[in-house]
Structure formats: C-alpha cells, structure tokens
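Protein sequence lines correspond, in order, to chains L and P. Converting from the first sequence to the working numbering requires adding 47 to each position, the first position being numbered 1. Converting from the second sequence to the working numbering requires adding 1478 to each position, the first position being numbered 1.
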Amino acid sequence: MTTDLSKPEAPLIRVEDAARWFDVSPPWLERVLMRRPRIDLRAVDGITFDIGRGETFALVGESGCGKSTVARMLVGLYGLTRGRILFDGEPLEKMSQPGGRALRRRLQMIFQDPYASLNPRWRVGRIIAEPLLTHTPMTAPERVARVSELLLQVGLDPADQNRFPHQFSGGQRQRISIARALAVQPDLLVCDEPTSALDVSVQAQVLNLMKDLQRRLGLTYLFISHNLAVVHHVADRVGVMYLGRIVEVASRDALFSQPRHPYTRMLLEAIPDLHGNGKSRTRVAGEVPNPLNPPPGCTFHPRCPHANERCRTEAPLPIQAGLSVVTCHAVEEGRIA
Amino acid sequence: MPMEPLLEVRNLSVAFPTRRGTLKALNEVSFSIAPGEILGVVGESGAGKSLTGASIIGLLEPPGRISGGEIYLSGRRIDNLSDEEMRRVRGREIGAVFQDPLTSLNPLYTVGHQLAETIVTHLDMSWAQARTRAIELLASTGIPAAKERIDHYPHQFSGGMRQRVVIALALAAEPKLVVADEPTTALDVSIQAQIIELLKKLCREHGASVMLITHDMGVIAETADRVAVMYAGRVVEIGPVSEVIHHPNHPYSSGLMGSIPTLDAHVERLVQIDGSMPRLTAIPTGCAFNPRCVSRMPRCTRERPELMPAGATRAACWLHDNAELA
Chain L
48 MTTDLSKPEA PLIRVEDAAR WFDVSPPWLE RVLMRRPRID LRAVDGITFD IGRGETFALV
108 GESGCGKSTV ARMLVGLYGL TRGRILFDGE PLEKMSQPGG RALRRRLQMI FQDPYASLNP
168 RWRVGRIIAE PLLTHTPMTA PERVARVSEL LLQVGLDPAD QNRFPHQFSG GQRQRISIAR
228 ALAVQPDLLV CDEPTSALDV SVQAQVLNLM KDLQRRLGLT YLFISHNLAV VHHVADRVGV
288 MYLGRIVEVA SRDALFSQPR HPYTRMLLEA IPDLHGNGKS RTRVAGEVPN PLNPPPGCTF
348 HPRCPHANER CRTEAPLPIQ AGLSVVTCHA VEEGRIA
Chain P
1479 MPMEPLLEVR NLSVAFPTRR GTLKALNEVS FSIAPGEILG VVGESGAGKS LTGASIIGLL
1539 EPPGRISGGE IYLSGRRIDN LSDEEMRRVR GREIGAVFQD PLTSLNPLYT VGHQLAETIV
1599 THLDMSWAQA RTRAIELLAS TGIPAAKERI DHYPHQFSGG MRQRVVIALA LAAEPKLVVA
1659 DEPTTALDVS IQAQIIELLK KLCREHGASV MLITHDMGVI AETADRVAVM YAGRVVEIGP
1719 VSEVIHHPNH PYSSGLMGSI PTLDAHVERL VQIDGSMPRL TAIPTGCAFN PRCVSRMPRC
1779 TRERPELMPA GATRAACWLH DNAELA
C-alpha cells in the first residue's frame, strides 16, 4: 500500500464537509428571561475524507476532538447538521428510509467498553444472533450454526454461546463484540477505541485478530483511537483531528515520518515511546481549549509556535502538501517545511 | 546499591479475607528504592501494582491487610505504625499522586487552603507563611498566575492543571518519597508528557525518590531509572530500565515488551501472550506465569522461582537458575 492511498479511486466511504452540532443552550424560559443566546457545541465542524475498500483509516486526536462523534455519524447514530456522507455512492440518510436496512447491515460498530456494550442478562449466543434476526431470514438452527462459526472465527469456543458476558475477561468480551459486528457480513467496521479498555498483552491479541479478520474477510475499518502507537500499527491512512476539524490526512508512513501540521508534530513528539529515552522534545504548552468557545481563526493557534496574525483571524482550508492534506496557513505559505 | 535504600520492602504480602477463603493479592514482594531514584512499577490490571503502592502509604482498603513482610522508610519500620503515627508519615515523608486529580482534591476548599493545610500540618509554619509557600509551589508546577489561581476551587481547573495541583500537594511538605499511582492515565497525550516532565523535574529539585506505578511502558522508559515488572501479585523482573525494555530476561517481560506497538519498527503482527492473567482464586502452582509461558519446563509447574540474577537484571524464572545449567 503506497502513496496513492491518499486518493483512493472509488472510495467505500466519502465524507464531504460533514458537521454535527449539539444544541447545549439553557432551557427556553431561562434563555428568554436572561436574554441568553442559543449555544451550539460544534462537536464536528466540516470534515472531509475518503475511506477506500479494504483500507484501515484511523482517526486520532485527544479527548473532546470529536472523533467518537464521527464514528456515530458514520453508522447513522447521529444525523448530520451539514454536509453529507456517501456509502458506496449512496447517501447515508437512506438508512432511515424504507428499505434502508440493507444499507444498515453493511455498517457495523465495535464500542470501546466491552463491559457496557454487551447486555449482561443475555447469553452470548443471543447477543451475537441478534443482528441475524434483524437482517437475515435465518431459522433458529441456522443461527446457532452461524454463531458457532463466528465464535470460532474470533478465537472463542462454540460452547461459549451458552455463557453470560460476566463469565468472560475484557479481551474475550471484545472478541464477542467483534463476532456480533461480523454476524451480518458487513463491509465497514467502525471501531471506536476498541482496545483502550484492555491491557497491552490483551490489546495485542485483539489487534492481531482484527488484522487477520481484515485479510480474510476483506473488511474496511474506520479505527478511532487516541493512541498513536496503536494507530501506527493498524492504519493505512490516518486523519488527525483537533477541535472538531481534521487538520491533516496522510498515509501512515508519510504522517509518521514527515508530519506537516504543527499539531501532528506536537502529538508525535509528546508521546512517550519505548525507545524514546533522551529524545529531544519541543515543549508543548497549553491545553485543548473549551469547544464551546473555540478560538477564532485556526483553532490551534493559541498553542502553535508558528501562529501569526492570519492564523488568529482566518480559518485555514485544506491544501495538498506533499503526500498529505493539511489545514494550516504556515504550511501553505511555506513558513514551515 | 551503594547508599542505604530510602525505601525497602521485604517479602510484603497482602491478603483479602473472603467467604471462600483468603486471597493473596500480593505474595512476598521485595524491592528497594535508593534516595533520589525513580522506580517504575509496571504490570497489567490485577498484577498488584496499586496494592503495593497503597501498602506503602498505609492506605490499604479494608478488608485487605498486610499479612506478612516489612516496609522500611529510611531504616524505620512503617508497616506496623498506628493510624495516628502513619498519618504523620504520610504527607510529611511520603507524598502521593493518584490517577484521578478530581477525587484527590476536596471540591469544597480552594486549592490554596488545601495546600496551606498540608504545609501547616507537617511543617512548622504559620498560615501566612504557608500561603506564601503554597503560591511558590503552585508557580513551580507551571500554573500561570499562581497568585490568583490559589484562591480558585478544584472545579475551576482543567484536568492537567488539577494534576499539577495534586503534584504540588504531594510535594508540599518536602517528602522523601512520592508514590505516583498512574499519574497520567486520566490525561490526554499532550498533557501526559507535560506532567511527566514536571514530576521528574520537581522530584529532582526536591531530591525526592519516586515510585511510579503505571501500565504505560512508554512513560516508564522516559522517566524511570529502574523498573519492576509485576505479574499476579509478584515481582517477576527488576532491573535498570533500558535493560528490562531491550533485553528482558523473564518470558512475561519479553512478551509484554513485544506486545506494545511502537512507532519505529513496523511489525505486521504483535507478539501475543495467549490467555490472560490468572484470577486470585486460581493462581497456578509453581510459577504463576507457567500456563502462558512459551519456555515452560516441568519444574515451572511445581516450584515457585524467586528473583535471581539474570543478565543485567534479576528475574524470577527458572531459565536463569545456574544450578540447573551446571
């Protein structure tokens, strides 16, 4: 997989200027009495990217940058405030229209917390078979057979379908989540921090499993994580998010060897690495601003060492820079390499 | 170790009585920390890292109790002190930084009050002096406008800033040892690095030793002098940090290091340790790691290995038993 991945030919997913705002205003009466305006939290504010077939696209960013909102937008759990998302050429809104179930089947999701995402009162067999009930005309014995097959596929025992989630460890539960997501043979798996709740040795097991499944079933992944090392391990292409916007999209190798956006550079320098002893580190100052009141212009400018007057007033647009797509005035003007 | 250790833990065991018998959560853990040294303690959840820290600062949650072993701080035994005596040691001689800065601070008092209270309790200072010192401390942790911020309440600080306050609080009485239990886990990556740098810098300035408990090997690699790897309530390997990371001698440490994705090399598959850590109710006999170990020998299922010299580190593994080789 090389550089042409930054522009896939016929993408499976195309996200065009998608935004999702949340109304967090005080209640109506209070607003009227106190003469307060409406307040929108712009969780995701105009992002554009493609995901090619069979590719792993990763979104990284710190908490509150909107990456989980993107995941939920992609599987239709949140509607769009603006823009559109095309899945295999079809707009995602079709999902909620008659006959939209066929589209829904093709997108499945794996959640972060394997303790909260499995119903504790259901046996594993029923948990995994639930999507089969919704999406297929399978009979009960067929479903049992399919569940056994799925359990084997994720490295569990077919006999495990008679047990309850609490009888499994965190890693095994995440395997159950994966089996449930795979039940209806989706094209795209949206994985929202699938290994963040797991210990490293178990994380390795789950990441290896996800790679094996991708190779065997030709799956496409949207992989959301705050852990850059994990992203480096799994992703083909990476998008870096900051305060509801994507600041840089590039192939994995380009991003990690030649980060362009100052925020990407900062993130890469900030992570403690196993081999990083004595690494010279540019001091990173400041914290993520309140998303309710983002800074004007480029939202990263208060923390950016390269910010100038233009950055403080004018929001940058994405531009092609080398192998990456970067949203930064300093890169555009050639002030930083 | 040339100097007398600041902290010495000898054969520490912690037990939890339950209806189905007593669970041994820590099983004869021994290690020491030299003055000014940063010892990293790593392991996966349930390995007993936090329990070790809690035992040292005397904050073991009942019904857990120290069932064996001794803890010495500067040569003085501290594990059998009364609550009242321990309270004087805690804060004065041992500072603590926990994972969640919000629960470590009292939401009803200003941070200045909390800092000054600690200072007045442990040091011979008036409230006015303590306040001046609190402002200095706060400023030294890199909180801008410390003079104004000192009268703010914890909720008015962001997560990273709160953790700075907690670090200031831990160092307020100039302790000789700081026990930091996952100090950066609740923070974002860009903040994590700042906090780690700060902890390192301040402890160096104050000459305090640190016991840094974390599951993040990256943090350990950048911070610690030595590292102890824990598994199922035991220390399985201890040694200089670069040795343990690059030339681990215990099969669990090697598996753990291999399973961590890194930014340099690209590997198609991560090293995988099959299975998971045993529950406390079912710790295997012999070496607790033997069911998951790739180099298991018949002896491993029968006899429990103690820490023994292995390369440049010490590992609890029969592979390094010279008597066996001879």
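All residues carry an ideal CB built from backbone N, CA and C; glycine is no exception. Note that the coordinates shown come from a computational prediction; the quantities given were computed from them, not determined experimentally.
| query | result |
| --- | --- |
| Spatial distance of Gly1620(P) from Arg1642(P) (CA atoms) | 8 Å |
| Glu1675(P) in three-state terms, based on DSSP | helix |
| Tyr1730(P) in three-state terms, based on DSSP | helix |
| Within chain P, the residues that Gly101(L) reaches when beta carbons sit closer than 9 Å | Those do not exist, as Gly101(L) stays about 16 Å from chain P at its closest Cβ, beyond 9 Å. |
| Leu260(L) and Thr242(L) closer than 8 Å at C-beta | no |
| Distance between beta carbons of Asn1505(P) and Arg1712(P), contact taken as under 8 Å | 5 Å |
| Min CB distance His1728(P) to chain L below 8 Å | no |
| Inter-residue spacing [alpha-carbon to alpha-carbon] between Pro1622(P) and Trp1605(P) | 23 Å |
| Contact set between the stretch 238–255 of chain L and chain P, restricted to residues whose Cβ is under 8 Å from the partner | Asp246, Val247, Ser248, Val249, Gln250, Ala251, Gln252, Leu254, Asn255 |
| Any C-beta of chain P under 8 Å from that of Ile318(L) | yes |
| Short CB-CB distance (under 8 Å) between Ala1710(P) and chain L | no |
| Proximal residues of chain P, C-beta to C-beta of His273(L) below 9 Å | Asp1666, Val1667 |
| Among Val1567(P), Ala1617(P), Leu1785(P), Ile1572(P), the one whose alpha carbon lies nearest that of Val1589(P) | Ala1617(P) |
| Residue-chain proximity (Glu334(L), chain P), Cβ-Cβ < 8 Å | yes |
| Residue span of the alpha helix (DSSP H) that contains Asn255(L), given as start and end | 247–264 |
| Residue-level contact to chain L via CB, Gly1733(P), 8 Å cutoff | yes |
| Cβ neighbour criterion (16 or more within 10 Å) applied to His376(L) | buried |
| Inside the stretch 1605–1641 of chain P only - alpha helix (DSSP H) runs reaching at least 4 residues | 1605–1618, 1624–1627 |
| Residue range of the unbroken alpha helix (DSSP H) whose run includes Trp75(L) | 75–80 |
| Touching by the beta-carbon criterion (3+ pairs, under 8 Å), the stretch 161–181 of chain L and the stretch 207–222 of chain L | yes |
| C-beta neighbour in chain P for Glu295(L), strict 8 Å | no |
| Beta strand (DSSP E) segment containing Asp239(L), residue limits | 235–239 |
| Cβ neighbour criterion (16 or more within 10 Å) applied to Met142(L) | buried |
| Trp43(L) - partner residues in DSSP beta bridges | Residue 43(L) lies beyond the range of chain L shown here (48 to 384); nothing can be said about it. |
| Minimum C-alpha distance to Asp246(L) - residue among Gly1638(P), Pro1632(P), Gln1750(P) | Gln1750(P) |
| Supposed close pair Arg1570(P), Pro1653(P) - CB separation, criterion 8 Å | 6 Å |
| Simplified DSSP assignment, three categories, for Val1656(P) | strand |
| Sequence-distant residues of the same chain with beta carbon closer than 6 Å to Pro363(L), five excluded per side | Cys345, Thr374, Cys375, His376 |
| Residue range of the beta strand (DSSP E) that includes Ile293(L) | 292–298 |
| Neighbour-count burial assignment, Arg1627(P), 16 or more Cβ in a 10 Å radius | buried |
| Residue from Ala251(L), Leu264(L), Gly369(L) whose Cα sits closest to the Cα of Leu235(L) | Leu264(L) |
| Identity of the residue in Lys258(L), Gln208(L), Pro306(L), Tyr289(L) nearest Val91(L) by Cα | Tyr289(L) |
| Three or more C-beta pairs below 8 Å linking the stretch 1483–1496 of chain P and the stretch 1672–1680 of chain P | no |
| Every unbroken beta strand (DSSP E) inside the stretch 1489–1550 of chain P [3 residues or more] | 1499–1511, 1516–1520 |
| Residue range of the alpha helix (DSSP H) that includes Ala1699(P) | 1695–1701 |
| Neighbour flag for Thr1791(P) against chain L, beta carbons, 8 Å | no |
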